[in-house]
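Novice: Residues -4 to 310 in our numbering are what the sequence shown lists, from first letter to last. The beta carbon of each residue, even a glycine, is placed where N, CA and C say it ideally should be. None of the values given here were measured: they were computed from a predicted structure.
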Amino acid sequence: MKYRILGRTGLKVSIIGIGGGGPTQMGQKTGVDQAGVNRLVQRALDLGINFFDTAAAYGESETILGNALKGVPRDDYILATKFHAHHHRNDERMSPEDVVDSVERSLKRLQVDYVDVMQLHGVRPHHYSDAIERLWPTVERLKDQGKFGFIGVSETYAEDHKHEMFSMALADDLFDTAMVGYNLLSPTPEHEVLPMCQERDVGVICMVAVRRALARPDVLKERIAYAKDKGLIARDALEDEDPLGWLVKGDVASLPAAGYKYVNAHPAMGVVLSGTANIDHLEENVKAILGPPLPDEDVARLRSIFGDVWEPLGN
Ligand SMILES: NC(=O)c1ccc[n+]([C@@H]2O[C@H](COP(=O)([O-])OP(=O)(O)OC[C@H]3O[C@@H](n4cnc5c(N)ncnc54)[C@H](OP(=O)(O)O)[C@@H]3O)[C@@H](O)[C@H]2O)c1
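See below:
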């Protein structure tokens, strides 16, 4: 495994971490049971992975992860979880008491005394100021009490096309980490978000590097057709069938491999999450990320096609 320092947290993180949400949700949505997740987590640790991300809102993900990590020395892994400042479905504002309850519940479910990184989950741009004004004192108090070591924030990849929340959050400079929606179909964080993180030494956690579009050929085909129809990319930029097949060659075994390699190569990168509960996929992804990056000419071609596409094609 290779490791990096996660920005100002100083945490030494493996360059690939396990994501407990997304389309897999720690196996909950792909039929992997607790025993299967236990094997996945053990394999991840054996491969040198030390970073695990989850959230209060991912169904039973925290409980499943907590069970799988039971008995592993606490210093051997880094845990990140999240709470919502506003309800993700109905926008209801969470009170300071709700935040305390959510954090306590996360600790209980994860079976730990503290988590390393506590994140505000999927903060929408129009909620950002309200969340900070009402909840920041509570968040700081919980941190002072030792419930968590660092405070991060994640964006809403599918909604916040222009990364407006990060424009505010990075300007305020309150956060130690930023969970950024970034993939080869959505390289727009390269314009401002990633350079700002680098400048401010904010630890970058990459989400949705592969997601559905790079894992499922049918979804990719449909997204590329949509991008052409909407004029987001040129009609002749890519073939209709297998539009990104040209990336798969040499050291690049598959499109998911290309996806993880692409984001991992950015100089601002801290840890790239892989939201899989499938051991074979995990092994492939580790191999991809530890191997050589994509060829420069392929990266340049991707940037020329998708560099200014602000819609989340990779969802
Ligand atoms: N707003 C937020 O805070 C937010 C939003 C989204 C995500 N996140 C976090 O970021 C993490 C990563 O995002 P993500 O879950 O979208 O992860 P991802 O790693 O980009 O994509 C996961 C998807 O790719 C598939 N996949 C992975 N490796 C594969 C391979 N080698 N071959 C074929 N398919 C493969 C997985 O299926 P299999 O399970 O079959 O491998 C799963 O469907 C989440 O788990 C969550 O922790 C946070």
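Does DSSP put Ala173 in a helix, a strand or coil?
Specialist: If DSSP states are grouped into helix, strand and coil, Ala173 belongs with the strands.
Novice: Any idea if Ser124 is buried or exposed, counting beta-carbon neighbours within 10 angstroms, 16 or more meaning buried?
Specialist: Under this definition Ser124 is an exposed residue.
Novice: Using 8 Å as the Cβ pair cut-off and three pairs as the minimum, do the region 209 to 222 and the region 181 to 196 touch?
Specialist: Counting Cβ pairs under 8 Å, fewer than three are found: no touch.
Novice: Can you grab the Cα-Cα spacing for the pair Glu128 / Arg119, in whole Å?
Specialist: In a straight line, the C-alpha of Glu128 is about 15 Å away from that of Arg119.
Novice: If I follow the unbroken beta strand (DSSP E) through Leu74, where does it start and stop?
Specialist: That run of the beta strand (DSSP E) goes 73 to 78.
Novice: Quick one: grab the DSSP three-state call for Ser97.
Specialist: Correct three-state label for Ser97: helix.
Novice: Using 9 Å as the threshold, is the C-beta distance between Tyr255 and Val205 below it?
Specialist: Cβ distance < 9 Å, so Tyr255 and Val205 count as in contact.
Novice: I'd like to confirm the pairing. Which residues does DSSP put opposite Val199 in its beta bridges?
Specialist: Answer by DSSP bridge pairing, in chain order: Ala173, Met264.
Novice: How is Ile284 classed by DSSP in three states: helix, strand or coil?
Specialist: DSSP places Ile284 in helix when its eight states are reduced to three.
Novice: Alpha carbon to alpha carbon, what distance is there between Ile300 and Gly226?
Specialist: About 11 Å.
Novice: Enumerated in chain order, which unbroken segments of the alpha helix (DSSP H) with a length of 4 residues or greater are wholly contained in the region 111 to 138?
Specialist: Correct list: empty.
Novice: Label Thr49 either buried or exposed according to how many other C-beta atoms from any shown protein chain fall within 10 Å of its C-beta, with 16 as the threshold for buried.
Specialist: Per the 10 Å Cβ criterion, buried.
Novice: Can you give me the C-alpha to C-alpha distance between Pro307 and His156, rounded to a whole angstrom?
Specialist: Going by the C-alpha atoms only, they are around 7 Å apart.
Novice: Roughly how many angstroms separate the alpha carbons of Thr183 and Met163, rounded to a whole number?
Specialist: Cα to Cα, Thr183 sits roughly 16 Å from Met163.
Novice: State the start and end residues of the unbroken alpha helix (DSSP H) segment that holds Arg34.
Specialist: Run containing Arg34: 29 to 41, per the alpha helix (DSSP H) assignment.
Novice: Going by DSSP, what residues sit across from Phe301 in a beta bridge?
Specialist: In DSSP, Phe301 forms no bridge with anything.
Novice: Once you ignore the five residues that flank Met202 on each side, which residues in its own chain have a CB closer than 6 Å to its CB?
Specialist: Contacts found: Met174, Gly176, Leu268.
Novice: What does the Cβ neighbour count give for Asp246, buried or exposed, with the cut at 16 atoms within 10 Å?
Specialist: Per the 10 Å Cβ criterion, exposed.
Novice: Alpha carbon to alpha carbon, how far is Glu185 from Glu234?
Specialist: Whole-angstrom Cα-Cα distance: 25 Å.
Novice: For the beta strand (DSSP E) that contains Arg(-1), what are its first and last residues?
Specialist: Counting along the chain, the beta strand (DSSP E) containing Arg(-1) begins and ends at -2 to 0.
Novice: Assuming the contact rule is C-beta atoms closer than 8 Å, Ile73 and Val8 should be a hit. Round their C-beta distance to whole Å, please.
Specialist: 6 Å between Cβ atoms; contact.
Novice: Going by C-alpha distance, which of Phe161, His122, Val98, Arg104 is nearest Val112?
Specialist: That would be Val98, whose Cα lies nearest to the Cα of Val112.
Novice: Grouping DSSP H, G and I as helix and E and B as strand, with all else coil, what is Asn178?
Specialist: Three-state DSSP puts Asn178 in a strand.
Novice: According to DSSP, simplified to helix, strand and coil, what is Ile228?
Specialist: In the structure shown, Ile228 sits in coil (DSSP, three-state: anything other than H, G, I, E or B).
Novice: Confirm the yes/no value for this check: CB of Val199, any heavy atom of ligand 1, distance under 8 Å.
Specialist: Not under cutoff, so the answer is no.
Novice: Is Pro266 near ligand 1, with its Cβ less than 8 Å from a heavy atom?
Specialist: Looking at the sequence itself, residue 266 is Val, so the reference to Pro does not match. The answer is no for Val266.
Novice: For Gly54, which residues in the same chain have their Cβ closer than 7 Å to its Cβ, ignoring the five residues on either side in sequence?
Specialist: Same-chain partners within the cutoff: Gln20, Gln23.
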